[in-house]
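Worksheet for the structure shown next.
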Ligand SMILES: [Zn+2]
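Structure below.
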């Protein structure tokens, strides 16, 4: 494989993302959507396609989709309808999927992505459309056992999905990953989807091709749809692999867009490569037609405004507010906001209480997040309240203890759930009264005329000797405060 | 003809219908007649008529997001031609997850 810093092509990527909406029940029937139930225990005549059964739309699913579409800055047509997408597959009991074809519930939106590390320019990725559809079931095949049959579990059939289709605006694997990360964050904040890839509640397919630079101008290569990417990392790697593969294929065959039908390739995580899959029927072969069992949905201006007003503070605006209000860097605000609303609330309480946003952000990123990661818990289960941590940070800022000692105290607070004062007492850390410290410094200055002479002569390093003696007399003294006081008092001598 | 024999072959494949040569001929004629009949509708002037998404003038039929008991698994699987204790069994599905 060849590698060069500046590849002779532009990579063009569009994503199709399916997210599962956070409803209790399925899209068109009252079966539960709970993940992990024993196979075929969450089905009914509607979702297994029994003749004569009729679907009825879940209001919550529509509202969640509307929330997501508005947060993605989409236009909301005042009327939307349902269509049947016809194809045969064993996990699709009705022989068609209820989806939306020519009148989707939203279109023409966008999502801004940026990179705090500056690997790409901040840009808005267009959203072509976002529409509702129902999920299919799950087929399982145990190739090892060499069994002849596949097993079908229809628990997932009929689960509400929002399919979000981007414009081909993404230009690198890093941008694609950033888009997915921002989309997931947004949908988490909205409570629209948990976007858990392990449980299949977020799935991504990518359409990829190259615009190869040639003396005759850019030449588009055939579009490939990449599937089976099971993590955002996998998306990044699959796209990087696919770009290189397509470039080599173009050099070998010279094939352009339109020379061959659209190909589907699956990402193989263990082999870190994409492989050709059997091609599905062309989209025109889905023979979409209007779903006669469901009536259209109309949306009023009032409804759109009511939902828009309920969106709350979304990640992009939240990051900007944290930076403006607390003076933290874009990198800090990104880390905090990416952890979710609960952690941001903790940060705000902490920063307000301790009066130092930067310190609050540092303590959270170093000590708090490490504990959350180690213990695999959320901030809700962090044993130290924002008030208790703010109290500790104020002690450190007030010079009662050094930062490194402060971190030891926090470790004790995390371990025991006790307040800073108690941990400090147990550790033998007693705050030293500033007046007492001043007396101690005076005493040391009197007892060390040589050091005083050095200091007066401008050799400020000599103060270290006084600090050392002070620590010997009282291990709880704050070295920087001792230094400060001694230099102050010398002016008075 | 409103529809060719090749198109009938294609849609029968998409519909997973295995039609004999005679049936294909017969379907080509019958589907053609239906499509010819549909052409009659094209003669109606619909310029001033708003398109409809559904024959009934009803919109926004929703249900609340509430769960109700699902079918017991035994009942759900009762009509399956092939099954094991938990699942429907179908000829091997390969290539996709
Ligand atoms: Zn059901």
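Chains as they are written, first to last, in our numbering: chain A, 2 to 494; chain B, 6 to 102.
Backbone N, C-alpha and C define an ideal beta-carbon position, used for all residues, glycine too.
Interface positions of the stretch 51 to 83 of chain A facing chain B (Cβ-Cβ less than 8 angstroms), listed along the chain:
57, 58, 59, 60, 61, 62, 63, 80 and 82
Would you kindly check if the distance between the Cβ of residue 133 of chain A and the Cβ of residue 93 of chain A is under 8 angstroms?
no
Is residue 47 of chain A near ligand 1, with its Cβ less than 7 angstroms from a heavy atom?
yes
Under 9 angstroms, CB to CB, which of the residues in the stretch 169 to 196 of chain A have a partner in chain B?
none
Quick check: residue 128 of chain A and residue 167 of chain A, are their CB atoms within less than 8 angstroms of each other?
yes
Quick one: which residues of the stretch 121 to 152 of chain A get their C-beta closer than 7 angstroms to a C-beta of chain B? List them in chain order.
140, 142, 149, 150, 151 and 152
Just to confirm my understanding: we take residue 82 of chain B, look at its own chain, exclude 5 residues before and 5 after, and list those with CB closer than 7 angstroms. What are they?
88 and 93
May I ask which residues mark the beginning and end of the beta strand (DSSP E) holding residue 98 of chain A?
97 to 100
Return the CA-CA distance between residue 442 of chain A and residue 477 of chain A, expressed in angstroms with no decimal places.
14 angstroms
Outcome for residue 9 of chain A when other beta-carbon atoms lying within 10 angstroms are tallied against a minimum of 16:
exposed
Listing by chain order, which chain B residues have their CB less than 9 angstroms from the CB of residue 298 of chain A?
64, 65, 66 and 67
Under 8 angstroms by Cβ, that's how I've got residue 113 of chain A and residue 130 of chain A pegged, so tell me the actual separation to the nearest angstrom.
No, residue 113 of chain A and residue 130 of chain A are not in contact; Cβ-Cβ is about 18 angstroms, not under 8 angstroms.
I'd like to check one pair, residue 347 of chain A with residue 520 of chain A: are the Cβ atoms closer than 8 angstroms?
As displayed, chain A neither begins before 2 nor continues past 494, which places residue 520 of chain A out of reach and without an answer.
Can residue 75 of chain B be considered in contact with ligand 1, in the sense that its beta carbon sits closer than 7 angstroms to one or more heavy atoms?
yes
If I measure Cβ to Cβ from residue 439 of chain A and keep anything under 8 angstroms in the same chain, skipping five residues before and after, which residues do I get?
486 and 490
In angstroms with no decimal places, state the Cα-to-Cα distance between residue 314 of chain A and residue 68 of chain A.
13 angstroms
Can at least three beta-carbon pairs, one atom from the stretch 33 to 42 of chain A and one from the stretch 241 to 251 of chain A, be found at a separation below 8 angstroms?
no
Taking the alpha-carbon positions, what's the residue 135 of chain A to residue 62 of chain A distance?
11 angstroms
Which value, in whole angstroms, describes the spacing of the CA atoms of residue 149 of chain A and residue 91 of chain A?
15 angstroms
So which residues on chain A does residue 89 of chain B lean against when the C-beta distance must stay under 8 angstroms?
152
Does residue 59 of chain B come out as helix, strand or coil in the three-state DSSP assignment?
coil
Is any non-hydrogen atom of ligand 1 found closer than 7 angstroms to the C-beta of residue 75 of chain A, if you look at the structure I gave you?
no
beta-carbon residue 185 of chain A near ligand 1 non-hydrogen atom, thresh 7 angstroms:
no
With 16 as the cutoff for other CB atoms within 10 Å, does residue 43 of chain B come out buried or exposed?
exposed
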